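As structure tokens, the structure follows; a few thoughts come after it.
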Amino acid sequence: MNPAYTPAPATPDLLSQSTPLVSESKMFLKTKTTAVQNGMKQAVSNCQIKVLLLENINSTALKIFQGEGYQVEHLTKALSEEELIEKIKDVHIIGLRSKTKITEKVLNAAENILAIGCFCIGTNQVNLEVAAKKSIAVFNSPFSNSRSVAELVLAEIIFLSRQLGDRNNEMHKGVWNKVSKNCYEVRGKKLGIVGYGHIGSQLSVLAEALGMQVYFYDVLQLMPLGSAKPVATLQELLSIVDVVTFHVPETPDTKEMVGEKEIRALRPGSYLINASRGTVVQIAPLAKALRDGHLGGAAIDVYPSEPARNGEGFESELIGCPNTILSPHIGGSTEEAQSMIGIEVGNAITKFMSQGSTLGAVNFPQIELRPSNDPSSVRILFAHNNVPGVLKSINNVLSDYNVERQTSESKGDLAYLVADVLIRPGENDANSILSHLYHTISALPHGISTRLIQ
Ligand SMILES: NC(=O)c1ccc[n+]([C@@H]2O[C@H](COP(=O)([O-])OP(=O)(O)OC[C@H]3O[C@@H](n4cnc5c(N)ncnc54)[C@H](O)[C@@H]3O)[C@@H](O)[C@H]2O)c1
Numbered sequence: 001m002n003p004a005y006t007p008a009p010a011t012p013d014l015l016s017q018s019t020p021l022v023s024e025s026k027m028f029l030k031t032k033t034t035a036v037q038n039g040m041k042q043a044v045s046n047c048q049i050k051v052l053l054l055e056n057i058n059s060t061a062l063k064i065f066q067g068e069g070y071q072v073e074h075l076t077k078a079l080s081e082e083e084l085i086e087k088i089k090d091v092h093i094i095g096l097r098s099k100t101k102i103t104e105k106v107l108n109a110a111e112n113i114l115a116i117g118c119f120c121i122g123t124n125q126v127n128l129e130v131a132a133k134k135s136i137a138v139f140n141s142p143f144s145n146s147r148s149v150a151e152l153v154l155a156e157i158i159f160l161s162r163q164l165g166d167r168n169n170e171m172h173k174g175v176w177n178k179v180s181k182n183c184y185e186v187r188g189k190k191l192g193i194v195g196y197g198h199i200g201s202q203l204s205v206l207a208e209a210l211g212m213q214v215y216f217y218d219v220l221q222l223m224p225l226g227s228a229k230p231v232a233t234l235q236e237l238l239s240i241v242d243v244v245t246f247h248v249p250e251t252p253d254t255k256e257m258v259g260e261k262e263i264r265a266l267r268p269g270s271y272l273i274n275a276s277r278g279t280v281v282q283i284a285p286l287a288k289a290l291r292d293g294h295l296g297g298a299a300i301d302v303y304p305s306e307p308a309r310n311g312e313g314f315e316s317e318l319i320g321c322p323n324t325i326l327s328p329h330i331g332g333s334t335e336e337a338q339s340m341i342g343i344e345v346g347n348a349i350t351k352f353m354s355q356g357s358t359l360g361a362v363n364f365p366q367i368e369l370r371p372s373n374d375p376s377s378v379r380i381l382f383a384h385n386n387v388p389g390v391l392k393s394i395n396n397v398l399s400d401y402n403v404e405r406q407t408s409e410s411k412g413d414l415a416y417l418v419a420d421v422l423i424r425p426g427e428n429d430a431n432s433i434l435s436h437l438y439h440t441i442s443a444l445p446h447g448i449s450t451r452l453i454q
């Protein structure tokens, strides 16, 4: 189709005349070409995309970005706000872990930024609201370390059953204490899993392989794996198991969900494990039950308050409790998990850059897209305020073109429209058509950012 088209005058603040949106030579090449309104005012090829990776992000991510042809700067440390403001100016993608804080001030300085990769579980370190207002997609990796947590918990079940923590402490003090009283095999014992999600369900399979009988409680009705049995209430689960382990998220319902009543509902001599969130299990009644012998042991990886950095400074009523394994929130901390996180976040960001796909973004409407196979197709990515009338105005613009695919989603105040438009070279120069499309859409009311990808 040869679209009816009148060239729009290039608006200098959006697109400089001397730097066309897509040069003719690139137009029908497979090169991915991106243009955005906010800051990146000219066409860029992959080799012009700048990535700043902080906090020693795994090399799997580095390889993914380099494989796309991006320019990558890889730093091992975190940066202060002032350093970030200086560094982030011309960066299109920033990758960080938990130490770097992306504040509103930093985001205001980030003129070209399109995506933020949190190469970790949490995203508290990023001002997600301001990022969404600027249509900056923030990605994380909530489930890459599920296996690591499940394996640690499996080890802890065996360690608790054999009092291995206490024997290890004694040996390091030069004390030989060979005992078998109250030491058990895990085979045939009952394991209760609270929260049968990514970690809980994985643990279920591993524990059954050791010969344990698995019971689980979840607020959702979930398909049991293997021979695991769902139970209707937490109280019922607590009353039947030898070991209970918590794998729930932090929500108002799970906050302090385990207190005196729940701990005393466990059978005498049973074990409690928490590697989920520190607020789930109340520490004082747990310490009491360990000291008075109601519980046979506990393994705790997460705490209501945790030291901000490595070194001395950990305090807890659990220190010195019998058969109590304390670990410093390392459930998900393995090389494999870091590598998986690098792959997951790296791939999500490159798909966002090259296809506009936002699957996995925590602050963005979720749209999963396949690349268009037609070399003359251009993908329009339009982020806008979620208000009535915007779709009507963009469809007025697109109605002159052959639209192959169009989809839109919203999340809170942010809406995201993706359209694949066929631009066949004809009388009109393809660059001018793209330029016209870009400027017309960019100028629509309530728009936040416009990107064209080819
Ligand atoms: N220790 C670590 O290093 C580490 C690492 C990764 C994850 N985690 C934590 O582990 C927890 C579980 O992670 P996941 O990836 O399995 O999460 P998930 O979202 O896959 O599963 C959580 C499950 O808990 C269920 N649930 C929610 N509220 C519940 C309630 N009140 N009672 C019973 N079930 C409830 C949900 O329905 C879901 O099935 C999270 O809190 C996560 O932050 C800790």
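Numbering (full-length UniProt numbering), first residue to last: 1 to 454. In this text, a Cβ means the ideal position worked out from N, Cα and C, and glycines have one as well. Nothing here was measured: the structure is a model prediction, and the numbers come from that model.
Here the C-alpha atom of D374 lies approximately 18 Å from the C-alpha atom of K351. Under the three-state reduction of DSSP output, E404 falls in the strand class.
Fewer than three beta-carbon pairs drawn from the segment 121–135 and the segment 236–249 are found closer than 8 Å, and the two stretches are therefore not classed as touching. In this structure, I380 lies near L417, with their beta-carbon atoms less than 9 Å apart. In this structure, A109 lies away from L79, with their beta-carbon atoms at least 9 Å apart. Only buried fits C120, as 16 or more other CB atoms lie within 10 angstroms of its CB.
R451 counts as buried, since no fewer than 16 other beta carbons sit within 10 angstroms of its beta carbon. Listed in chain order, the non-local C-beta contacts of R277 below 8 Å within the same chain comprise V248, P249, E250, T254, V302, local neighbours out to five positions each way being set aside.
If only complete runs of 3 or more residues are kept, the segment 166–238 shows the beta strand (DSSP E) at 190–194, 213–217, in order along the chain.
A distance below 7 Å between beta-carbons, with the five flanking residues on each side excluded, links E317 to the following residues of its chain, in chain order: I283, A284, A287. Selection E73, L53, V72, G69 evaluated against S98 yields L53 as nearest (Cα-Cα).
The shortest CA-to-CA distance from A419 to any of K411, D429, T407 is the one to T407.
For A228, the distance from the CB to the nearest heavy atom of ligand 1 is not below 8 Å. Note on geometry: alpha-carbon atoms of D90 and E111 lie some 6 Å from one another.
Spatial neighbours of G346 in its own chain (CB-CB distance under 6 Å, excluding positions within 5 residues in sequence) are listed in chain order as A61, I64. For I102, DSSP records a beta bridge to V126. Remark: C-beta atoms of G195 and D218 approach each other more closely than 9 Å.
Annotation note: the segment 264–300 contains the following uninterrupted alpha helix (DSSP H) runs of length 4 or greater, listed N- to C-terminal: 283–291.
Around the CB of I88, 16 or more other CB atoms lie within 10 Å, so the residue is classed as buried. Taking C-beta atoms as the reference points, L160 and I136 fail to come closer than 9 Å. The segment 352–372 makes no contact with the segment 171–178; the number of CB pairs closer than 8 Å stays below 3. Only residues of its own chain outside the window of five on either side were considered, and among them V186, K189, L191 have a CB closer than 6 Å to the CB of M212, listed in chain order. In the three-state scheme derived from DSSP, where H, G and I count as helix and E and B as strand, G412 is classed as coil. For V219, the CB falls within less than 8 Å of some heavy atom of ligand 1. Contact annotation: I199 and V244 have beta-carbon atoms that are not nearer than 9 Å.
V149 counts as buried, since at least 16 other C-beta atoms from the protein chains shown sit within 10 angstroms of its C-beta. Per DSSP, reduced to three states, the secondary structure at N396 is helical. For the beta strand (DSSP E) assignment, the uninterrupted runs of no fewer than 3 residues enclosed by the segment 133–159 are, from N- to C-terminal side, 137–139. For I349, same chain residues with a beta-carbon under 7 Å away, outside a window of 5 residues either side, are I93, A115, G117, F139 in chain order. Between T279 and E256, the gap from beta carbon to beta carbon is short of 9 Å.
A buried status is given to R147, since no fewer than 16 other beta-carbon atoms sit within 10 Å of its beta-carbon. G313 sits in coil when the DSSP states are folded into three classes, being neither helix nor strand. Rounded to the nearest angstrom, the Cβ distance from L203 to V153 is 6 Å, consistent with a contact under 8 Å.
At least one heavy atom of ligand 1 lies less than 8 Å from the C-beta of F143.
Relative to ligand 1, A207 has its C-beta separated by 8 Å or more from all heavy atoms.
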